[in-house]
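S.K.: Please see the structure below; I have some questions.
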Amino acid sequence: MAGAPLGNNNAVKNKMWADMIRKVATQNPDKMRKAAETLLELCQQGDIAAMKEFGDRLDGKSKQQVELSQDADNPLFEMKPSDRYAEYARLVETFRSRAGKADTDTSGGEATH
Numbered sequence: 059m060a061g062a063p064l065g066n067n068n069a070v071k072n073k074m075w076a077d078m079i080r081k082v083a084t085q086n087p088d089k090m091r092k093a094a095e096t097l098l099e100l101c102q103q104g105d106i107a108a109m110k111e112f113g114d115r116l117d118g119k120s121k122q123q124v125e126l127s128q129d130a131d132n133p134l135f136e137m138k139p140s141d142r143y144a145e146y147a148r149l150v151e152t153f154r155s156r157a158g159k160a161d162t163d164t165s166g167g168e169a170t171h
């Protein structure tokens, strides 16, 4: 099973928390400004956690970068010609059935509906 277990309400709780922070910040702009100034001061003092938070707020959290590479001895994907034909035939059949063209005239005529 992917994702959180059934019944997990963490996303709802996090949204409630974020909504409350926005409400308090909107109602208290002077406190919000002071919090931002405090964060900047901590950054200037070399506080790594504050720098990370500051960067995340400005640029968004960084994404994990994944690099794939291959060489002749270790290909990422390998398919024999006979497998390619079978996969092609399977894809064609899938597209035909989705388009409502599962029955075809084998004499070279138009597909029947």
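According to the working numbering, numbering within the sequence shown proceeds without interruption in unit steps and concludes at 171.
Cβ coordinates follow ideal geometry from the N, Cα and C atoms, glycine included.
#1: According to DSSP, Cys129 sits in a beta bridge with which residue or residues?
#2: Taking the CB atoms as reference points, tell me whether Phe112 and Leu126 lie closer together than 8 Å.
#3: Let me confirm a value: Met59 is counted as buried when at least 16 other C-beta atoms fall within 10 Å, else exposed. Which label applies?
#4: Given this structure, state the Cα-to-Cα distance separating Gln102 from Met109, to the nearest angstrom.
#5: Is it true that the CB of Met74 sits closer than 8 Å to the CB of Ala83?
#6: In three-state DSSP terms, what is Ser120?
#7: Tell me whether Leu64 sits in a helix, a strand or coil according to DSSP, three-state version.
M.R.: Here's the rundown:
#1: Within the sequence shown, residue 129 is the residue found at index 71, counting from 1. The sequence shown places Asp at residue 129, not Cys. Its beta-bridge partners are Asn132.
#2: Indexing the sequence shown from 1 puts residue 112 at position 54. Indexing the sequence shown from 1 puts residue 126 at position 68. No; because the gap between Cβ atoms is not below 8 Å, this pair is not in contact.
#3: Position 1 of the sequence shown, counted from the first residue, corresponds to residue 59. For Met59, the pLDDT reaches just 46, beneath the cut-off of 50, and the residue's location in the model is therefore unreliable, leaving the point undetermined.
#4: Start at 1 with the first residue of the sequence shown, and residue 102 comes out as number 44. Start at 1 with the first residue of the sequence shown, and residue 109 comes out as number 51. Answer to the nearest angstrom: the Cα atoms are 8 Å apart.
#5: Within the sequence shown, residue 83 is the residue found at index 25, counting from 1. Within the sequence shown, residue 74 is the residue found at index 16, counting from 1. Not in contact: Ala83 and Met74 (Cβ atoms no closer than 8 Å).
#6: Taking the first residue of the sequence shown as 1, we reach residue 120 at position 62. Coil, per DSSP.
#7: The count along the sequence shown starts at 1 and reaches residue 64 at position 6. Leu64: coil per DSSP, three-state reduction.
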